[in-house]
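Position 86 of the sequence shown, counting from 1, maps to 85 under numbering that gives the first Met the number 0, and the rest follow consecutively. Glycine included, each C-beta is placed from N, C-alpha and C at the ideal position. A quick write-up on the structure given underneath.
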Amino acid sequence: MRTPLVAANWKMYKTVRETVVYIKEFRSLVKDVDDVEIVVAPPFVSIAAAAEAARASNVAIAGQDLYWEKEGAFTGEVSAGMLREAGAGLVIVGHSERRAKFAETDRDVNRKVKAAIDGGLVPIMCVGETLEERESGQTLAVLDRQISAGLEGRTVDQVSSIAIADEPGGARGTGRTATAAQAQEAHAHIRGRVREWVGSAAADAVRIMYGGSVKPANARELMSRPDVDGALVGGASLDPRAFAEIVAGGRPGAVK
Ligand code: 13P
């Protein structure tokens, strides 16, 4: 059985101070959740403080990006080793905003996935078509390209240990979630490709998260589908109570 992974992608929101206040409240809200892997990805500057605030809790901290070199003259960049020492256990790679606004390529994503694994971080590799690609019927072709390029060169064990986040175009930040049936269809396709290209062990183990306007009201329905193994949550994760309810599968009663 795959343990669902539910991650907050804060994007460029919250200061260090706001992060610490959030984590202190959030960790107590989710302290009894033991069947979900819970992750918060704050901006780089808050990772150390977030990790400290989350110490000895069931909340893990992730970076939102990394660079593939260990160190060097790469102004503005951060390596896997730096993230890990600061307290991150995971890292988001290839988010659609990185691809669209910062010109990240499939090749970059491949290098970042490798660097994350080599540096002891679990990558959450994001895939997903743009709205334009979706509307012109290219969804599955784009997913195939991103998955094959992103995972190229990785071993069965490596692919088994990572997570893939599918964030369909038109669903991110728009309030328009894909239906649970659409998410299931895309995730089943992704898992099928992993089965074809990497093998059954990796396909059965890899977590495939859904991202795009996930909220307490739709989390349960989405995550009840067999191939939807969690969520990557943007806007709704900025509120600790809303994110705690999402983590608990949209069950408000499960949040203290
Ligand atoms: P929203 O949840 O705000 O739609 O963001 C989705 C996303 O990009 C998460 O990484």
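- Beta-carbon to beta-carbon, S95 and G127 are separated by about 6 Å, close enough to satisfy the 8 Å threshold.
- Bounds of any alpha helix (DSSP H) do not take in R153, whose DSSP letter is neither H nor E.
- Remark: the shortest separation between the CB of H94 and any heavy atom of ligand 1 falls under 7 Å.
- In the three-state DSSP reduction, E220 falls in the helix class (H, G or I).
- The beta-carbon separation of E132 and G86, rounded to 36 Å, does not stay under the 8 Å limit for a contact.
- The nearest non-hydrogen atom of ligand 1 is less than 7 Å from the C-beta of L231.
- When distances are taken from the beta-carbon of E134 to the heavy atoms of ligand 1, even the shortest one reaches 7 Å or more.
- Secondary structure within the region 56-106: the alpha helix (DSSP H) runs of 4 or more consecutive residues, fully enclosed, are 79-85, 95-100 (chain order).
- The shortest CA-to-CA distance from A140 to any of A79, I37, I189, E68 is the one to I189.
- Pairing R224 with A182 gives a Cβ-Cβ distance under 8 Å.
- Taking a C-beta distance under 8 Å as the contact criterion, G62 and V77 qualify as a contact pair.
- The beta-carbon distance between A55 and T18, rounded to whole angstroms, is 17 Å. This is too long to meet the 8 Å contact definition.
- A247: not part of any alpha helix (DSSP H); DSSP gives it neither H nor E.
- Under the three-state reduction of DSSP, I146 is assigned to helix.
- In the DSSP secondary-structure assignment, R206 is bridged to A162.
- Residue pairing by DSSP places N8 opposite A40 in a beta bridge.
- The beta carbons of A201 and V158 sit about 4 Å from each other, so the pair counts as a contact at 8 Å.
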